[in-house]
């Protein structure tokens, strides 16, 4: 007998993000949602530098105990001048709110993780939470 509260369809998604606090909350909600399956995550500079937002994503995934492919993407816009969100999010993108340190795992380029999500994981939707640079 099926669960009447179970979602009828689980949507396979890929999240492209610049995780400061706002996007970390969105990641938490997406990962906890029974209606979604997060098949890959890529980072892009926006709320903070690419190194800071990728570090935030790595730490958050480790803290959450989630093994989702993670790729590091664009460090800045391709054509426009970059604008900094550090006055709002701080240099770490989290306004100094701590996330436990972790042993870093090697990073893959965003294009590889995105390609894998689209071709192998057959994601149905890319959810862009940050700049549309990747």
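Residue numbers (the working numbering): 13 to 146.
We treat Cβ as the ideally placed atom computed from N, Cα and C, and that holds for glycine.
>> Taking only three categories from DSSP, how would you classify residue 65?
In response: helix
> What residue from 106, 144, 121 and 78 has the CA that sits closest to residue 2's CA?
Replying inline: Because the chain here runs from 13 to 146, residue 2 falls outside it and cannot be looked at.
> On the premise that residue 68 lies in contact with residue 106, defined as a C-beta separation below 8 Å, what is that separation, rounded to the nearest angstrom?
Replying inline: 6 Å
> Which ranges does the alpha helix (DSSP H) cover as unbroken runs of at least 4 residues, wholly within the region 84-127, from first to last along the chain?
Replying inline: 98-101
>> To the nearest angstrom, how far is the alpha carbon of residue 34 from that of residue 101?
In response: 9 Å
> What's the call for residue 137, buried or exposed, on a 16-neighbour Cβ count within 10 Å?
Replying inline: exposed
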